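The block underneath contains the structure these notes are about, expressed in structure tokens.
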Amino acid sequence: MVQELLNVATRKFAHPLATQQAQRYLDTVLEPLCAVFASTSLYRKTIDLRERWRYGFYDSLIIASALQAGCRTLYSEDLHNGQVIESLKIVNPFV
Numbered sequence: 001m002v003q004e005l006l007n008v009a010t011r012k013f014a015h016p017l018a019t020q021q022a023q024r025y026l027d028t029v030l031e032p033l034c035a036v037f038a039s040t041s042l043y044r045k046t047i048d049l050r051e052r053w054r055y056g057f058y059d060s061l062i063i064a065s066a067l068q069a070g071c072r073t074l075y076s077e078d079l080h081n082g083q084v085i086e087s088l089k090i091v092n093p094f095v
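To convert, note that position 3 of the sequence shown is 3 in this note's numbering; the numbers rise steadily by one, no gaps.
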């Protein structure tokens, strides 16, 4: 939740972010993470992937989000290295 992080970072951190710091963090870290937003279609895809591939809900949500974002590679040490799901290849960067 972008809004919650920015709220806490600018008000409740031990050293709150100044306005320019918060803007820079939003632009460089948070904005790229906002390529895919939650929607019922994303959750439907998650449920389908969970059933088909037998991953847990949150792993399936990550896979569904990567597919929706048009990613070709998903780096994860927790998923099956080399597995291809639709157009997405899972790669363990530590293998």
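Every residue gets a Cβ at the ideal spot worked out from N, C-alpha and C, and that includes glycine. All of these numbers come straight from a predicted model, not from anything done at the bench.
- DSSP places residue 36 outside both helix and strand once states are collapsed to three, so it counts as coil.
- Distance from the Cα of residue 39 is smallest, within the candidate group 70, 79, 61, 75, for 61.
- Listed in chain order, the beta strand (DSSP E) elements of length 3 or more contained wholly in the region 27-78 are 73-75.
- Between the alpha carbons of residue 23 and residue 84 lies a gap of roughly 37 Å.
- The bridge partners DSSP lists for residue 89 are 73, 84.
- Ranked by Cα distance from residue 20, the options 33, 6, 37, 36 are led by 6.
- In this structure, residue 63 places its C-beta atom within 8 Å of the C-beta atom of residue 55.
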